Each structure stands twice: as structure tokens, then as C-alpha cells.
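Residue numbers (my numbering), protein chains in the order written: chain A, 686 to 890; chain B, 686 to 890.
So the structure is just underneath, and the comments pick up after that.
There are 2 protein chains.
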Amino acid sequence: MQLDKLVTFHKALADPTRIRILAVLANGPLHGQALAGKMGVTAPTITHHMAKLREAGAVYERRDKNTIYFYLHEANMKRQSQAILDLLAKAKDESVDEFQDDISVAEQRRESMAQEALQVIRSFITPDGKLKQIPAQRKKKLFVFEHMVRGLERGRKYQEKEINEYIKTFHEDFATIRREFVMNQYMYRENGIYELNPEELWAKP
Amino acid sequence: MQLDKLVTFHKALADPTRIRILAVLANGPLHGQALAGKMGVTAPTITHHMAKLREAGAVYERRDKNTIYFYLHEANMKRQSQAILDLLAKAKDESVDEFQDDISVAEQRRESMAQEALQVIRSFITPDGKLKQIPAQRKKKLFVFEHMVRGLERGRKYQEKEINEYIKTFHEDFATIRREFVMNQYMYRENGIYELNPEELWAKP
DNA sequence: CATCTAATTAGACCTATATTTAATCAGATC
DNA sequence: GATCTGATTAAATATAGGTCTAATTAGATG
Numbered sequence: 686m687q688l689d690k691l692v693t694f695h696k697a698l699a700d701p702t703r704i705r706i707l708a709v710l711a712n713g714p715l716h717g718q719a720l721a722g723k724m725g726v727t728a729p730t731i732t733h734h735m736a737k738l739r740e741a742g743a744v745y746e747r748r749d750k751n752t753i754y755f756y757l758h759e760a761n762m763k764r765q766s767q768a769i770l771d772l773l774a775k776a777k778d779e780s781v782d783e784f785q786d787d788i789s790v791a792e793q794r795r796e797s798m799a800q801e802a803l804q805v806i807r808s809f810i811t812p813d814g815k816l817k818q819i820p821a822q823r824k825k826k827l828f829v830f831e832h833m834v835r836g837l838e839r840g841r842k843y844q845e846k847e848i849n850e851y852i853k854t855f856h857e858d859f860a861t862i863r864r865e866f867v868m869n870q871y872m873y874r875e876n877g878i879y880e881l882n883p884e885e886l887w888a889k890p
Numbered sequence: 686m687q688l689d690k691l692v693t694f695h696k697a698l699a700d701p702t703r704i705r706i707l708a709v710l711a712n713g714p715l716h717g718q719a720l721a722g723k724m725g726v727t728a729p730t731i732t733h734h735m736a737k738l739r740e741a742g743a744v745y746e747r748r749d750k751n752t753i754y755f756y757l758h759e760a761n762m763k764r765q766s767q768a769i770l771d772l773l774a775k776a777k778d779e780s781v782d783e784f785q786d787d788i789s790v791a792e793q794r795r796e797s798m799a800q801e802a803l804q805v806i807r808s809f810i811t812p813d814g815k816l817k818q819i820p821a822q823r824k825k826k827l828f829v830f831e832h833m834v835r836g837l838e839r840g841r842k843y844q845e846k847e848i849n850e851y852i853k854t855f856h857e858d859f860a861t862i863r864r865e866f867v868m869n870q871y872m873y874r875e876n877g878i879y880e881l882n883p884e885e886l887w888a889k890p
């Protein structure tokens, strides 16, 4: 898990003194005593901060006799600042569904969309029509929502409570799902009245 | 000062629970109760974390009846992850020299390099040859070092203590400056013996 | 080996923060 | 207006973290 690494990195930047140290090092390497002077803190405090920055990979150091010079690790800084964005992008599509993910990627590619949708629906919806869980992967989620929404009538206006009741026949968390319906443009809402959108507007898996 | 903002942002990401929350929200908005469930913590804990994430601009929220949906603020996440790199890049060239920076940029551009160097040397080196301070700006720093290094003999081999003594006639922090000499290729070091490099190798201001 | 210097460790102090349970608030529903 | 439900606040606890002084370590110098 890269979670710890991310946390360590951001912890390192979660202190004003340490950010100032990095800004100073951006101008070139410096040794501990000089840093202590510039920052207005004592040497042990610098030791403390440098340990955190080193652990996070934000700096590296070289020894010259008794003096240790700290260098800004620019490559690491770039890579690690980006890391949180990478994680979030990854989470968006790859987030592991908690179960039933047995269809391999290769197999999936071979299937037509309709067949793939069927697979997903079969794995997330029980024989008696209950949604076991809202899929975490966007694609699978949309397959399931599309399936659910096909149970509603085109052109009919629904009260919110009607929508809630309908959704509850699949899953207890109607609030989340109702909002997803609107967000993904399956439905249109105005003044608490819901209506099915034309199929062209639906979010595409 | 944007320092505080930077610290606030990184503090927000300096906790594993909060990063997991963001990863979940990357898949779409969720309400507090659902987050509490997914994270395995209580609702007040979610309230606590969401306050931090909101303050850092990492999420925003919308209310639907009694339920509050949290959304990942992707634009802010991108901007703020980049912010530390921007700061360091800025620090590198713009770092304010603590004094004597009265020559305007426009004026500097009009001067020839040699004239500019003279200006800098006059402002950083006292009449009796003492370096008041190591310039923070790279360009000015190199002007000063070049000036200092011209006092050494081409082709002669120096003991480290000789170099130290020479540098100390300018400034007490001989360790920092000696290392800068090597780093910027004014000098070459082997086994504690120092020698001036040919001028073509010197770092260019 | 005695001394100097830069860095680190130890220990203390105080503030910040992650989390919980219990109580309270605020919309929404009936 | 009584009741639900989801969110927040309050209060308590335990842990982490920033900073200091004093003591110690480890190279380098003489």
C-alpha cells in the first residue's frame, strides 16, 4: 500500500518551518547550523525536521568532514506532489469492488457491451432483484443504474417519495442512489418532481 | 503569505483516513453516513475530517434535504498539489536578498554583465574586502564567488586549510563557501587538495 | 590523547489532533 | 407539533508532534 508513503510525504509538508526550510534549500544546499540560524530555531530542532524531510524523500544529504549539507530532492518533490493526483485518478476507475470481480480484464474485452452489462448485473443483483452493493467501479455502477432505471416509465412524472420507494425495492440507501440518478442524467428533477430523461442524455458506461 | 494555505492543504492530506475519504469521493459524491460506514469510523469523526478537507479546499458539499453530499474538488486538488512546486521554483530565483537590492530589474537589463557584476560586488563586499552576506539570488551569488576566486592562482595546488584561510578573509562561513566553489566548478578537489578549474568550467551567472 | 565542532539523542513541556460517547440541532415527514 | 434522521457540538481521552535545554556522540584537528 502506498497510502503510508503519501501520508508521510504530506506530513512532512504540514509544518511551516519545514516548508521554509525547503524554500531555502531551493537556493542551494545548506548545512544544519546555517539552517538553524536562518530559521531562528536551535540545532536539535533542525535535526528533528530534517529527519522528517529525509524520511519523506524531500531532501538528501552529503557529508563533508563534520558538516552535513542538505539538498532539496527536486525529482522526488515533483514525483510525490503528483502522487495524490495519481492515486485519485486510479481510484476513479480501478477502485476494487469488494467482491465478485472474477471476470478477467481480457475476457471482458472480448464481450460485447450488452453481454458485459449482463455479467455485471448478474453479479450485483440477487435473483430476487436486490442490489447487493453499489459497485465502486464507475462502469459497473452505470450498468446497474441503467438496469434499475429501465423499470421506470418514460414521460411520467414521479414524486420524490415514489422514486425513493422504487429505489428501496433494490437497496436501502435510496438517497445516494437517487442522487446518482440525477447526477448521471438518468433523471431530471425540478421542485421535487422527477422525470426520466431521454436515453441519449444518460451517462455512458 | 501563502505559507499558511500550503500548510493547511498538506495537513489535510497528512492523515490516512482523509486520503481514503478522498479516494472514495473520486468515484462520486457520498453523504456522511455512507462515508462513516465505508471508513469504519463514527459520524462525528467524519464531521471532523470533512471540516479539515473543506478548509483545505479539497472537497465541497451540497445539501439535499437532511443529507449532505461531499464532492471531491478536483480543480483545487490539482492546483494545490502543484502549489508547493511553484513556491520552490519561485524561491529559487526570486528569493529576496536581505538588503541592498536597489537596482531595479529594468536598470539591470540595460547594464553589461561586467557592470552588473561590479554593482553586485560593491553592494555585497565592504570596502575592506569583507563579504557582508552570501547573496541568496543565484546570479548575484555567482558574481561574488567569481570575484573571490580570482584571488587564487591558476595551476597552483592548495591544501584545504589554505583555502579555508583564504575564504575566511572574506567570510567566516568558509565551509559553505568552499563547498560552493566546488559545486559551481570554480575549483576541483581530490584527496583534500584543491586546484582552480579553467575558466570555461565555471558556472555561468 | 585532548580539544573542537557539528550533529544527534534524551527528556521535558505544551499544543494539536484523531477518535469516542453522549447530547443537541435542524430539516423533513406524518 | 411529535417524531425521524442525519449532522454537529461537547467533553473526554490518548497519541503525535514541535520546540527547548542539557548531555552525548562522532569526526577532525593539533
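Cβ atoms here follow ideal geometry from the backbone N, Cα and C, with glycine treated the same way.
Here the structure is a predicted model, which is why all the values come from computation and not from measurement.
Exercise. Does the Cβ-Cβ distance between M724(A) and T730(A) come in under 9 Å?
Worked result: Yes, the pair counts as a contact, with Cβ atoms nearer than the cut-off.
Problem set entry | Chain-ordered chain B contacts of S808(A) [CB-CB under 9 Å] | By Cβ distance, chain B contributes nothing, its closest Cβ being about 18 Å from S808(A), past 9 Å.
Exercise. Can you check whether the CB of M868(A) is closer than 9 Å to the CB of E880(A)?
Worked result: No.
For this session: Please confirm if Y873(A) has its CB atom under 9 Å from at least one CB of chain B.
Result: With 9 Å as the cut-off, Y873(A) does not count as an interface residue toward chain B.
Problem set entry | Residue-chain proximity (Y754(A), chain B), Cβ-Cβ < 9 Å | So, interface residue.
Problem set entry | Near-chain A residues of the segment 699 to 732 of chain B - C-beta to any C-beta below 8 Å | Among the residues of the segment 699 to 732 of chain B, those with a Cβ less than 8 Å away from any Cβ of chain A are A699, D700, P701, I704, R705, L707, A708, V709, A711, N712, G713, P714, L715, H716, A719, in the order of the chain.
Problem set entry | Helix, strand or coil at T752(A) according to DSSP, with G and I counted as helix | DSSP places T752(A) in strand when its eight states are reduced to three.
Exercise. On the three-state DSSP scale, how would you describe V744(A)?
Worked result: Taken through DSSP and simplified to helix, strand or coil, V744(A) comes out as strand.
Problem set entry | Touch test, the segment 712 to 724 of chain B against the segment 704 to 721 of chain A, Cβ-Cβ under 8 Å, three pairs minimum | Output reads no: the segment 704 to 721 of chain A does not touch the segment 712 to 724 of chain B.
Exercise. Helix, strand or coil for I810(B) per DSSP?
Worked result: I810(B): strand per DSSP, three-state reduction.
For this session: Report yes if the CB atom of L757(A) is closer than 9 Å to the CB atom of L707(A), and no otherwise.
Result: Going by C-beta atoms, L757(A) is nearer than 9 Å to L707(A).
Exercise. Name the chain A residues whose beta carbon is nearer than 9 Å to that of H695(B)?
Worked result: Neighbours of H695(B) across chain A, judged by C-beta separation under 9 Å: F694, H695, K696, A697, L698, A699, D700, I704.
For this session: Report, in whole angstroms, the separation of the C-beta atoms of L827(B) and A888(B), which I expect to be a contact under 8 Å.
Result: Yes, they are in contact, since the Cβ atoms of L827(B) and A888(B) sit about 6 Å apart, within 8 Å.
Exercise. Going by alpha carbons, who is nearest to F891(A) out of E847(A), A736(A), D700(A), Q870(A)?
Worked result: This structure does not reach residue 891(A), given that chain A is present from 686 up to 890, and the question cannot be answered.
Exercise. What three-state label does DSSP hand E865(B) in the structure shown?
Worked result: Helix, per DSSP.
Exercise. Under a three-way DSSP split, which group does Y873(B) fall into?
Worked result: If DSSP states are grouped into helix, strand and coil, Y873(B) belongs with the strands.
Exercise. Among M762(A), V726(A), T752(A), which has the Cα closest to the Cα of R739(A)?
Worked result: Nearest option by C-alpha distance: M762(A).
Problem set entry | 8 Å CB neighbourhood of E746(B) in its chain, flanking five on each side removed | The residues are M735, R739, I753, Y754, F755, Y756.
For this session: Give me the Cβ distance between A697(B) and K750(B), rounded to the nearest whole Å; I'm assuming they're in contact under 8 Å.
Result: With 8 Å as the limit, A697(B) and K750(B) do not qualify as a contact, their Cβ atoms being about 28 Å apart.
For this session: Would you kindly report the start and end of the unbroken alpha helix (DSSP H) that includes E847(A)?
Result: For E847(A), the enclosing alpha helix (DSSP H) starts and ends at 845 to 853.
For this session: At 9 Å on the CB atoms, spell out the chain B contacts of L803(A), in chain order.
Result: Within chain B, no residue comes near L803(A); the closest Cβ sits about 23 Å away, beyond 9 Å.
For this session: Mind checking the segment 842 to 874 of chain B against chain A and listing, in chain order, the residues whose C-beta falls within less than 8 Å of any C-beta there?
Result: For the segment 842 to 874 of chain B, the set of positions with a beta-carbon nearer than 8 Å to some beta-carbon of chain A reads D858, A860, T861, R864, E865, M868 in chain order.
Exercise. What are the boundary residues of the beta strand (DSSP E) that includes E880(B)?
Worked result: Boundaries of the beta strand (DSSP E) harbouring E880(B): 878 to 881, taken from the DSSP string.
Exercise. In chain order, what residues of the same chain lie with their CB nearer than 7 Å to the CB of E865(B), ignoring the 5 residues before and after it?
Worked result: Cβ neighbours of E865(B) beyond the five flanking positions: F830.
Exercise. Which residues bound the alpha helix (DSSP H) around V692(B)?
Worked result: According to the DSSP assignment, V692(B) belongs to the alpha helix (DSSP H) that extends over 688 to 697.
Exercise. Under 9 Å, do S766(A) and L688(B) count as touching if we go by C-beta distance?
Worked result: Annotated as distal: S766(A) and L688(B), with beta-carbon spacing of 9 Å or more.
Problem set entry | Inter-residue Cα distance where the pair is I862(B) and D700(B) | The alpha-carbon of I862(B) is positioned some 40 Å away from that of D700(B).
Exercise. In chain B, what lies closer than 8 Å to R823(A) by C-beta?
Worked result: Neighbours of R823(A) in chain B, taken as residues at a C-beta separation under 8 Å, are given in chain order as N712, G713.
Exercise. When the Cα atoms are used, what is the spatial distance from A768(A) to V692(A)?
Worked result: Approximately 11 Å, taken between the alpha carbons.
For this session: Kindly identify the DSSP beta-bridge partner or partners of L715(A).
Result: In DSSP, L715(A) forms a bridge with F755(A).
Exercise. Between V805(B) and L720(B), what straight-line distance do the alpha-carbon atoms span, to the nearest angstrom?
Worked result: The alpha-carbon atoms of V805(B) and L720(B) are separated by roughly 59 Å.
For this session: Give me the Cβ distance between I878(B) and Q844(B), rounded to the nearest whole Å; I'm assuming they're in contact under 8 Å.
Result: I878(B) to Q844(B), Cβ: 7 Å. Contact.
Problem set entry | Neighbour flag for L772(A) against chain B, beta carbons, 9 Å | Nearest CB-CB separation between L772(A) and chain B: below the 9 Å threshold.
For this session: Could you name the residues of the segment 756 to 769 of chain B whose beta carbon sits closer than 9 Å to any beta carbon of chain A, in the order they occur along the chain?
Result: Under the 9 Å Cβ criterion, the segment 756 to 769 of chain B contributes L757, E759, M762, K763, S766, Q767, A768, I769.
Exercise. Are the C-beta of L688(A) and some C-beta of chain B separated by less than 9 Å?
Worked result: Residue-level contact check: L688(A) touches chain B, since one or more beta carbons of chain B fall below 9 Å from its beta carbon.
Problem set entry | Environment of K825(A) [buried if 16+ CB atoms lie within 10 Å] | It counts as buried.
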